[in-house]
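*Asks:* Numbering (UniProt numbering) for the sequence shown: 1 to 120.
We treat Cβ as the ideally placed atom computed from N, Cα and C, and that holds for glycine.
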Amino acid sequence: MSGDDCVFCGVVTGTLESSRVYEDEDVLSFMEIQPVTNRHLLVIPKRYALYLANLDEQPGVSLFRVGQRLAAALRSSGLPCEGVNLFLADGEAAFQEVFHVHLHVFPRTAGCVAVGHVHR
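In structure tokens, the structure reads:
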């Protein structure tokens, strides 16, 4: 796969619709269309990178900084959030399904049920 046929690259360019939450020069955050929990967010680098090792340092720093800020915002939002998962699957063996680096940020509440490799 290349950036040319990448669904997340389509989100970055605006070719594909998304509910954007945050954007800066390096990264974009938007609502997950198949959420594990309510308010499940994704953070992606704007420049295509297949794996974490392919990601330049500055966008990598931005990816995790924005993930941390979104986690803090979820906790202070007043909406149900007793914890937050940050999840990055790097490679097919790690259950990566969309091959553009992305960080999942999803809030947790008591009673979340485990399903598969990610708790639902």
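Can you find the residues in the same chain that come closer than 7 angstroms, C-beta to C-beta, to proline 59, ignoring five residues on each side of it along the sequence?
*Replies:* Sequence index remark: in the sequence shown, residue 59 carries index 59 (1-based). Result list for proline 59: Asp26, Val27, Pro45 and Arg47, in chain order.
*Asks:* When you compare only the Cα positions, how much space is there between arginine 20 and tyrosine 51?
*Replies:* Looking up residue 20 in the sequence shown gives position 20. Looking up residue 51 in the sequence shown gives position 51. Taking the straight line joining both Cα atoms gives about 23 angstroms.
*Asks:* Is the region 58 to 74 close to the region 5 to 18, with three or more CB pairs under 8 angstroms?
*Replies:* Result no; under three Cβ-Cβ pairs closer than 8 angstroms.
*Asks:* Taking 8 angstroms as the cut-off, decide whether the C-beta atoms of leucine 74 and arginine 39 are in contact.
*Replies:* Locating residue 74 in the sequence shown gives position 74, counting from the first residue. Locating residue 39 in the sequence shown gives position 39, counting from the first residue. In this structure, arginine 39 lies closer than 8 angstroms to leucine 74 by Cβ.
*Asks:* Look at the alpha carbon of valine 36 and the alpha carbon of aspartate 24, and state the distance between them as a whole number of angstroms.
*Replies:* As a working note, residue 36 is residue 36 in the sequence shown. As a working note, residue 24 is residue 24 in the sequence shown. Approximately 25 angstroms between the Cα atoms of the pair.
*Asks:* Taking phenylalanine 30 as part of the alpha helix (DSSP H), name the residues at either end of that continuous run.
*Replies:* Within the sequence shown, numbered from 1, the residue matching residue 30 stands at position 30. Looking at the DSSP string, phenylalanine 30 is not in any alpha helix (DSSP H); the run it does join, the beta strand (DSSP E), is 27 to 31.
*Asks:* Who does valine 43 pair with in a DSSP beta bridge?
*Replies:* Locating residue 43 in the sequence shown gives position 43, where the first residue counts as 1. Per DSSP, Ser29 and Leu103.
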